[in-house]
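To start, the structure itself, in structure tokens.
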Amino acid sequence: MDSKLTSKQDKVLRVIRDFYLENGEAPSLSELQGMLSISTKRGVVSHLEALEKKGFIIRTSEPRGIHIVDESENEMVYEYLVGIPILGYANAGTPLVLADEQNLGILQLDRSLVGRKEGLFALIVKGDSMNMRQIEGKNIEEGHYIVVQKDAEYENGDAVLAIVDGSATVKNIKSDEDMVILYPQSNNPIHKPIYLDINSNSIINGKVVKVLDNPNL
1 MDSKLTSKQD KVLRVIRDFY LENGEAPSLS ELQGMLSIST KRGVVSHLEA LEKKGFIIRT
61 SEPRGIHIVD ESENEMVYEY LVGIPILGYA NAGTPLVLAD EQNLGILQLD RSLVGRKEGL
121 FALIVKGDSM NMRQIEGKNI EEGHYIVVQK DAEYENGDAV LAIVDGSATV KNIKSDEDMV
181 ILYPQSNNPI HKPIYLDINS NSIINGKVVK VLDNPNL
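FYI, the numbering for the sequence shown is 1 to 217, going by full-length UniProt numbering.
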């Protein structure tokens, strides 16, 4: 890789990297044009072409198809961090926390931790109704972050995010022809299953794919 960048090229690269970390995706040409105060999209493309020629990015034909190159293992790989928005709280107990989308910041994850999954968002767990349930060896405990894949396919026994009476709850799921059961997995016997008609207005909003410690606890 040719490490000699002009000051403008360095700025373009830093803007792309910062956008990646904050949003979990590359900026569009229009967004880059605005952030860099470049008069034409062709001017933006010229900088991208230079960065690609010098080996700092890879471009594809996809929308937002700019990928930053890392040479840590002497081979080209896509940018290693992805930003996942924290959209609020999920109650691991009686579903009392209103499912209002919030903006509580961005989690920055090594992309290898979530692969190429799309539609990811994070929530903060409240309650202990799932504290004996593990995802990849990590218990769903109060204060932890859960990463949810929106609209992912799920099977009986999966941990899911459900919206019940307008409130968000995380539970295991079991369904049959006429009923959905959202059931806890806890060492606290107070928690009981929730039984829903298959045609109820409740929504299964996504599948829990990862649990992350909160170091601020």
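A virtual CB, placed ideally from N, CA and C, is assigned to each residue, including glycine. Please read these numbers as outputs of a predicted model, since none were measured by experiment.
How long is the line joining the alpha carbons of residue i and residue j, rounded to whole angstroms?
i: Arg133; j: Asp213; result: 14 Å
i: Glu49; j: Thr6; result: 13 Å
i: Leu217; j: Arg42; result: 48 Å
i: Asn172; j: Ile86; result: 21 Å
i: Ser200; j: Arg116; result: 32 Å
i: Ser148; j: Ser61; result: In the sequence as presented, Ser is not what sits at residue 148; that position holds Val. Rounded to whole angstroms, Val148 to Ser61 spans 28 Å at the Cα level.
i: Tyr195; j: Gly127; result: 19 Å
i: Leu13; j: Leu104; result: 27 Å
i: Pro63; j: Ser28; result: 7 Å
i: Val125; j: Asn23; result: 22 Å
i: Ile204; j: Gly119; result: 14 Å
i: Pro189; j: Leu182; result: 15 Å
i: Ser39; j: Asp110; result: 34 Å
Apart from the five residues on each side of it in sequence, which residues of its chain come closer than 8 Å, Cβ to Cβ, to residue i?
i: Leu21; result: Leu81, Gly83, Ile106, Gln108
From what residue to what residue does the beta strand (DSSP E) around residue i run?
i: Arg17; result: Run containing Arg17: none in the beta strand (DSSP E); it sits in the alpha helix (DSSP H), 7-23.
i: Tyr183; result: 179-183
i: Lys195; result: Here residue 195 is Tyr; the residue named in the question, Lys, does not match the sequence. From DSSP, the beta strand (DSSP E) with Tyr195 extends over 194-197.
i: Val148; result: 145-150
In chain order, what residues of the same chain lie with their CB nearer than 7 Å to the CB of residue i, ignoring the 5 residues before and after it?
i: Gln9; result: His47, Ala50, Leu51
i: Ile163; result: Ala99, Ser202, Ile203, Asn205
Is the beta carbon of residue i less than 8 Å from the beta carbon of residue j?
i: Val170; j: Ile198; result: no
i: Ala159; j: Val114; result: no
i: Val44; j: His144; result: no
i: Ala92; j: Glu142; result: yes
i: Asn187; j: Lys174; result: no
Assuming residue i is part of the alpha helix (DSSP H), what are its boundary residues?
i: Met35; result: 29-36
i: Leu48; result: 41-53
Going by the DSSP bridge assignment, what does residue i pair with across the sheet?
i: Lys171; result: Val160
i: Lys126; result: Asn91
Kindly list the residues whose CB is nearer than 6 Å to the CB of residue i, restricted to its own chain and excluding five residues on each side of it in sequence; keep chain order.
i: Tyr78; result: At Tyr78, the pLDDT of 44 sits below 50, so the modelled position is not reliable and the matter cannot be decided from this model.
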